[in-house]
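Encoded as structure tokens, the structure appears first; notes follow it.
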């Protein structure tokens, strides 16, 4: 039987994790204001329009994080909370697809109630933490059955497939892939065998190839990345040109950068400079020093997140923390990869830094959950979980045991 710590026995929250997030958010305030200047100019909006909306959403995110940091994370494991939190965003996705609602970008239909004022809800963003919480609860409930084909792998594939399908048909391949890979990592951490993981990856690879080859929207993105010798549509040509400008901007700043507001290239990709390509503006205005400092903050965030996962008092906390931190760091890496032309164009914002509504709020929600998990951790759990996660000589799950020693 698990031992629940009394409230007065809880540890202090992970202040290093909080400090990393605060630093990234402050960086985001400066960069969003600078990067959005061409956008507000060309759209004849007030200079403070974008940054004002960003501050409002950041404050909402902080409020959400504070609330979640005070709620025992194990609350989300109890029925019917997991079903509720995963059901709402997926239901919105289903309604959008069937009723053809929401604002479209190209062939994608991802925003619900979107207008020029920026009032929007992107259900696929809400689905990220919702799916992670639900899968963490599901995996924790299975225990050793995770390694069983009938009770582990097959139900997991069905569950994950159903959850990612609605995101995929928006179409939003990058978000669907991020959710799927995050879930697979959680499945592995929860105790799945290597052969199960290999089977999952093989099946996922076949399905991914099928989806890409049968969908013009996704095929166009991959073709653009591979520089295929195929005729480009006007939209694809514009996207490729914006990425080239962003890559040029990234290296144009040199070592020290051109100074805040000094970007000469952001006018060329102004529609996404403050969102999908903000890392390019960081590179040009803050230089290599600023880029490395940003990477260092995400590295600190990753380290503290992993530490929280290893020190979590139960399997649900461990798997949940792994899922949350993997999602945030993987998204940051994908964003940086897009700007440097290492990955196909995906439209993912840089966590805590890019301008965003739904995305920024759910990222702050993830921080609140991680902070709450950190308050239940002990050093004993860290040693025990490290052995379970990376030793596994006795083939036990890669998570903490249900009781402390």
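Numbering (my numbering), first residue to last: 251 to 655. We treat Cβ as the ideally placed atom computed from N, Cα and C, and that holds for glycine. This one's a predicted model, so the numbers in the text were calculated from it and none came from an experiment.
Could you check what DSSP says for residue 499 in three-state terms: helix, strand or coil?
DSSP places residue 499 in helix when its eight states are reduced to three.
Just verifying my parser: in three-state terms, what is the DSSP assignment at residue 514?
Taken through DSSP and simplified to helix, strand or coil, residue 514 comes out as coil.
Here's a check: name, in chain order, each residue in its chain whose Cβ is nearer than 8 angstroms to the Cβ of residue 402, leaving out the five neighbours to either side.
Answer for residue 402: 392, 395, 396, 442 and 446, listed in chain order.
Keeping to the same chain, check which residues put their C-beta closer than 8 angstroms to that of residue 428; ignore five residues upstream and five downstream.
Shown here for residue 428: same chain residues with a beta carbon closer than 8 angstroms to its own, the five before and five after excluded, namely 378, 577, 580, 581, 584 and 598 in chain order.
Which of helix, strand or coil DSSP assigns to residue 251:
Because residue 251 carries a pLDDT of 39, less than 50, the predicted location of this residue cannot be relied on, and the following value inherits that uncertainty. Assignment of residue 251 by DSSP, reduced to helix, strand and coil, places it in the coil class.
Mapping the DSSP letters down to three states, classify residue 437 as helix, strand or coil.
Residue 437 falls in the helix class under three-state DSSP.
Can you tell me which of the three DSSP states residue 643 falls into?
Residue placement at residue 643 is poorly supported in this model, since its pLDDT is 39, which falls under 50; the coordinates are not used for a value here.
Status (buried if at least 16 other CB within 10 Å, exposed otherwise) for residue 481:
Confidence at residue 481 is low in this model, with a pLDDT of 47, below 50, so the placement of that residue is unreliable and no value is reported for it.
Counted within 10 angstroms of its Cβ, other Cβ atoms place residue 325 as buried (16 or more) or exposed
With fewer than 16 neighbouring CB atoms inside 10 Å of its own CB, residue 325 falls in the exposed class.
With a 10 Å radius around its C-beta and 16 neighbouring C-beta atoms as the bar for buried, classify residue 494 as buried or exposed.
Counting Cβ neighbours within 10 Å, residue 494 comes out exposed, since fewer than 16 surround it.
Using a Cβ-Cβ cut-off of 6 angstroms (strictly less than) and excluding sequence neighbours within five positions of residue 621, which residues of its own chain qualify?
For residue 621, same chain residues with a beta-carbon under 6 angstroms away, outside a window of 5 residues either side, are 263 and 319 in chain order.
Coarse secondary structure for residue 432, derived from DSSP in three states
It is helical.
According to DSSP, is residue 261 helix, strand or coil?
In the structure shown, residue 261 sits in coil (DSSP, three-state: anything other than H, G, I, E or B).
Taking the straight line between their C-alpha atoms, what separation do you get for residue 507 and residue 529?
Using only the alpha carbons, I get a separation of about 13 angstroms.
Tell me which residue opens and which closes the alpha helix (DSSP H) that residue 405 is part of.
Residue 405: member of the alpha helix (DSSP H) spanning 404-418, first to last residue.
Would you say the region 304-320 touches the region 605-618, given that touching needs at least three Cβ pairs under 8 angstroms?
As far as the Cβ criterion goes, the region 304-320 touches the region 605-618, which means the pair count is three or higher.
Using only CA atoms, which one of 261, 303 and 290 lies nearest to residue 278?
The residue with the shortest Cα to Cα distance from residue 278 is 303.
Reduced DSSP secondary structure (H/G/I, E/B, other) of residue 526:
Coil at residue 526, not helix or strand.
Hey, how far is the Cα of residue 554 from the Cα of residue 625?
Roughly 13 angstroms between the two C-alpha positions.
Skipping 5 residues on each side, what residues in its chain have a beta carbon closer than 7 angstroms to that of residue 534?
So the qualifying residues of the chain are 499, 500, 502, 503, 507, 508, 513 and 515.
Roughly how far, in whole angstroms, is the beta-carbon of residue 435 from the beta-carbon of residue 572, given that I think they are within contact range, below 8 angstroms?
That pair is a contact at about 7 angstroms.
Residue interval of the alpha helix (DSSP H) (run including residue 614)
That run of the alpha helix (DSSP H) goes 608-624.
When you compare each of 559, 322, 551 and 591 to residue 270 by their alpha carbons, which one comes out closest?
Comparing alpha-carbon positions, the option among 559, 322, 551 and 591 lying closest to residue 270 turns out to be 551.
Through-space distance from residue 543 to residue 297, alpha-carbon basis:
CA-CA distance, residue 297 to residue 543, rounds to 27 angstroms.
From residue 368 to residue 294, what distance separates their C-alpha atoms?
With a pLDDT of 49 at residue 368, under the threshold of 50, the predicted position of this residue should be treated as unreliable, though the coordinate-derived value follows. One C-alpha to the other measures close to 15 angstroms.
So is residue 606 buried or exposed if we call it buried at 16+ other beta carbons inside 10 Å?
When all chains shown are included, residue 606 counts as buried.
Output needed for residue 587: all residues of its chain with C-beta closer than 8 angstroms, excluding positions within five of it in sequence on either side, in chain order.
So the list reads 593, once near-sequence residues are dropped.
Can you give me the C-alpha to C-alpha distance between residue 478 and residue 437, rounded to a whole angstrom?
Bear in mind that the predicted position of residue 478 carries a pLDDT of just 44, short of 50, making it unreliable; the figure below should be weighed with that in mind. Roughly 35 angstroms separates the two Cα atoms.
Of the choices 404, 536 and 425, whose alpha-carbon is the least far from that of residue 372?
The shortest Cα separation from residue 372 among 404, 536 and 425 belongs to 425.
Less than 8 angstroms between the CB atoms is what I'm expecting for residue 410 and residue 433, so what's the real figure, rounded?
Taking 8 angstroms as the upper bound for CB-CB distance, residue 410 and residue 433 are in contact here, some 5 angstroms apart.
Should residue 387 be listed as close to the ligand ATP, given that the test is whether its C-beta is under 7 angstroms from any heavy atom?
Of ligands this structure carries none, so the ligand ATP is not represented either.
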